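According to the numbering used here, the sequence shown is numbered sequentially starting from 5. From the three backbone atoms N, C-alpha and C, an ideal C-beta is built for every residue, glycine too. Remember, predicted model here, so these are calculated numbers, not experimental data. Here the structure comes first, spelled out in structure tokens, and everything after it is commentary.
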Amino acid sequence: MRKLTAHLIPLLFIIWFVNYLDRANIGFAALQMNKELGLTPQMFGFAAGIFYLGYIIFEIPSNLLMRRFGARTWIARIIFTWGLVSIGQAWIESPYQLYSARFLLGVAEAGFLPGVMYYLTYWFPAEYRAKAIGQVYSANTLSIVVGAPLSSIVMSMSDQMAGLSGWRWMFIVEGVPAVVLGIVTFFYLTNRPIDAKWLSDSERGWLVTRMEQDRKSAEKLGTSSFRVAMSKPIVWMLGLLYFCIGIGFFGVSVWLPQVLKQMSSLSLIQIGFVNAIPFLLGTIAMLVNGKHSDRTRERRWHLAIPLAIGTVGLVVSAMTAGNPLLSFCFICIATTGIVGALSVFWAVPSTFLSGAGAAGGLALINTISAFSGFTAPYLIGWIRGMTENFTAATYVMAGGIGVATLLAALLPYPDRFRTAEMPIGAPALGSEDR
């Protein structure tokens, strides 16, 4: 699989990195923006969350349109338009303009996550998929690892340059790469293996045959009908599971910069570097957990155990809130567990969905879960506005991850997910990493 990985994963990784950077940088913008625009914690929470309302409304239509127009064209469109909207955020002047810009950014990005996941199901056989997803999805948290210091440095160094505040320059600097990547993606990606001219005839033939075996195996386990996929309880269960994960993940990723500002006297740049620590640990855990899950062909406990660690970490972090250093250490432990589960989660749906069912099922799961992207920032902002600190909000995040842990442990599918038999004498494309 080395050749596939080398051709597809680097670009998808970079795109995903820029995507989450443009989505999550509002957490750092808040350190300057909230005062300039007069935002209360509740108003900021709503602004951070309304992104997901636009995302939710257009999520499923976007993925069905991707199936019609092809992954290359549609993913390129998503990237290009979110870049333009992200840059446009630099000129907002009021809370209502911020709400509108965040909503439009959600509309522009709708369909990206399940679209990429769906795209990977065309290229990577089931037993390699969690690793591939983990490699791409690690950009999600790595964007915080790199983006947090980057955002703080840009905001500090560019403040009032050309009459614009540092947070406005941050939106411009971090939005331009998306516009460029949208153009690159259109000319670089290939829709399906059969069209891959960068593969030899034998490699292409092996991959097409191998993915067809996976498709037939998935149809035996589940469904290829979009309508029937919507009626599958497991789809809704996975959506709820990921919603609960999101309560913890979005809570930490959006609000941690302000938590650090409240509990310490760190400078803006120092907050950026400290903010990166838990997500660096989480990125490492995600890659290790995804690889081990693929090797053992086990999903359930590779999902439930990291989530249990996340639950305990958040509870103890709240209990030790009076000791900032100790509390932060347990935030690191919690984030390591939560993030470590993500790549394994996205490897689960494709084991029982195929065809239109995969596109629609993944979109529905992500749509349900995306409600947590609105709920978590807004709920935590509301709780923070009503209390003196983030302790109560941390317990709420722990509750969400706790429910996710229980749902993961109760997944009805076998511990060892079945995959199609590997063909004998497969060419180098499939044999290099065995």
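- Linking ASN29 to SER155 through their CA atoms gives a straight-line distance of about 7 Å.
- Remark: C-beta atoms of ASN67 and LEU366 approach each other more closely than 9 Å.
- Taken in chain order, the complete alpha helix (DSSP H) segments of 4 residues or longer contained in the stretch 79-150 are 99-113, 116-125.
- Bounds of the alpha helix (DSSP H) holding GLU40 are 30-41.
- Between the alpha carbons of SER321 and LEU211 lies a distance of about 47 Å.
- In its chain, beyond the 5 residues on either side, ILE387 have a beta carbon closer than 6 Å to the beta carbon of ALA396.
- Distance from the CA atom of LEU8 to the CA atom of SER206, rounded to whole angstroms, is 14 Å.
- Here GLN262 is buried, its C-beta having at least 16 other C-beta atoms within 10 Å.
- For MET174, the uninterrupted alpha helix (DSSP H) segment begins and ends at 170-192.
- A distance of 9 Å or more separates the beta carbons of LEU270 and ILE335.
- Contact check for ALA94 against ARG172 passes: the beta carbons are separated by less than 9 Å.
- Under the DSSP definition of a beta bridge, MET5 lacks any partner.
- At a Cβ-Cβ threshold of 9 Å, ALA105 and PHE62 do not count as neighbours.
- By the Cβ-count criterion, GLN266 is exposed, with fewer than 16 other Cβ atoms from all chains shown falling within 10 Å of its own Cβ.
- Taking every protein chain shown into account, the CB of THR300 has fewer than 16 other CB atoms within 10 angstroms, so this residue is exposed.
- For the pair LEU43 and GLN36, the Cα-to-Cα distance works out to about 10 Å.
- Between the alpha carbons of LEU146 and PHE21 lies a distance of about 7 Å.
- A residue is called buried when at least 16 other Cβ atoms come within 10 angstroms of its Cβ; GLU178 meets this threshold and is buried.
- When C-alpha distances from GLY138 are compared across GLY286, ILE372, LEU368, TYR192, the shortest belongs to GLY286.
- In this chain, the alpha helix (DSSP H) harbouring ASP298 covers 272-300.
- For ALA380 and ALA136, the gap between their C-alpha atoms comes out near 28 Å.
- Under DSSP, MET165 shares a beta bridge with LEU168.
- DSSP, reduced to helix, strand and coil, places GLU207 within a helical segment of the structure shown.
- For the pair ARG304 and LEU415, the CB atoms are nearer than the 9 Å cut-off.
- Residues of the same chain with a CB within less than 8 Å of the CB of ILE79, apart from the 5 flanking positions on each side, are ILE19, MET70, PHE116, GLY119, VAL120, TYR123, THR189, LEU193 in chain order.
- Collapsing the DSSP output to three states places PRO261 in a helix.
- With distances taken between CA atoms, MET5 lies nearest to TRP127 out of TRP127, ILE91, PHE17, LEU108.
- Contact check for TYR141 against LEU346 passes: the beta carbons are separated by less than 9 Å.
- In the displayed model, VAL343 falls within a helix according to three-state DSSP.
- CA-to-CA, the gap between ILE369 and PHE55 works out to about 17 Å.
- Ranking LEU244, THR125, PHE253, ALA52 by CA distance to the CA of GLU216 puts THR125 first.
- Take the alpha-carbon of SER160 and the one of GLY92: they are about 20 Å apart.
- With contacts defined by Cβ atoms closer than 9 Å, PHE84 and ALA182 form a contacting pair.
- For LEU244, same chain residues with a beta-carbon under 7 Å away, outside a window of 5 residues either side, are ILE372, LEU411 in chain order.
- Take CYS248, set aside five residues on each side of it, and the residues of its chain with a beta-carbon closer than 6 Å to its own are GLY404, VAL407, ALA408, in chain order.
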